[in-house]
Amino acid sequence: MEVYSHHVIGEIIGVLADESVLDETGKVDATKLNAFVFDQFRNGYYAIGEKVGQAWHTGTPLMKE
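Here it is in structure tokens:
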């Protein structure tokens, strides 16, 4: 399996979000975004929505291999 690595360095200078995608604390709720991503290697668009794992935890066993 090939693993690709990209480093992106930048400064976020502003963020805008419609109130309809915010939770009760004012933070963006990813499940309300109806977001999608483009995969240039598979030439497709993929929907994002359902939570499928816990960040910084789900992949831990893979790091030990």
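The opening position of the sequence shown corresponds to residue 28 in the numbering used here, with each subsequent residue numbered one higher.
Glycine included, each C-beta is placed from N, C-alpha and C at the ideal position.
Just so it is clear, the structure is predicted and the values come from calculations on it, not from any experiment.
Could you name the residues that DSSP lists as bridge partners for residue i?
{"i": "residue 74", "result": "63"}
{"i": "residue 55", "result": "49"}
So, residue i versus residue j, is the Cβ gap smaller than 8 Å?
{"i": "residue 48", "j": "residue 55", "result": "yes"}
Assuming residue i contacts residue j (C-beta within less than 8 Å), just tell me the rounded distance between them.
{"i": "residue 75", "j": "residue 65", "result": "Going by Cβ atoms, the distance from residue 75 to residue 65 rounds to 11 Å, so no, they are not a contact pair."}
If you drop the 5 nearest sequence neighbours on each side, which residues of the same chain put their C-beta closer than 6 Å to that of residue i?
{"i": "residue 72", "result": "63, 65"}
Excluding five sequence neighbours on each side, which residues of the same chain lie with their C-beta closer than 8 Å to the C-beta of residue i?
{"i": "residue 80", "result": "86"}
Starting from the C-beta of residue i, find all residues in its chain whose C-beta is less than 7 Å away, skip the five residues before and the five after it, and write them out in chain order.
{"i": "residue 44", "result": "55"}
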